[in-house]
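Colleague:
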Amino acid sequence: MPNKDQREVDFLIVKNQQPWLLLEVKASANQSLSEHLYHYQAQLKPPHVLQLAFNLPYVKQDCFTLRTPKIVPAITFLSQLV
0 MPNKDQREVD FLIVKNQQPW LLLEVKASAN QSLSEHLYHY QAQLKPPHVL QLAFNLPYVK
60 QDCFTLRTPK IVPAITFLSQ LV
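Numbering that gives the first Met the number 0 puts the first residue of the sequence shown at 0, with every later residue one more than the last.
Take a look at the structure:
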């Protein structure tokens, strides 16, 4: 649900009752990183902030080592949830 300023992200994942991961999901990597991710990162300070793009191919990268907001292939991220 958007806040009063119409900012929202798709998912907030909490670990040990603390913000752990902010996710924005997009069909394409042609869009720039969502400004809303930066806004909520500043407020919540989760260790991981990602924007998933479904049109990108798999890359060998550990998404959970990233400490700054990045666009990553959705398939790469999803493969690491096991």
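Ideal placement from N, C-alpha and C gives every residue a C-beta, glycine not left out.
With distances taken between CB atoms, is the gap from residue 166 to residue 55 smaller than 8 Å?
Modeller: Since the displayed the chain opens at 0 and closes at 81, residue 166 lies outside it and no answer follows.
Colleague: Just the C-alpha distance for residue 81 and residue 5, rounded to the nearest angstrom, thanks.
Modeller: Residue 81 and residue 5: Cα-Cα distance of roughly 33 Å.
Colleague: Quick check: what's the CA-CA separation for residue 12 versus residue 20?
Modeller: Computed Cα separation, rounded: 5 Å.
Colleague: Near residue 32, what residues of its chain come up, given a Cβ to Cβ distance below 7 Å and the 5 sequence neighbours on each side ignored?
Modeller: Excluding residues within five positions, the ones whose Cβ falls inside 7 Å are 50, 68, 70.
Colleague: Can the beta-carbon of residue 27 be found closer than 8 Å to that of residue 52?
Modeller: Their beta carbons are under 8 Å apart, which means residue 27 touches residue 52 by this criterion.
Colleague: Is residue 53 helix, strand or coil by DSSP?
Modeller: Residue 53 falls in the coil class under three-state DSSP.
Colleague: Measuring alpha carbon to alpha carbon, tell me which of 45, 22, 65, 39 ends up nearest residue 16.
Modeller: Ranking the options by Cα distance to residue 16, first place goes to 45.
Colleague: Looking only at DSSP bridge pairs, what is residue 12 linked to?
Modeller: 20.
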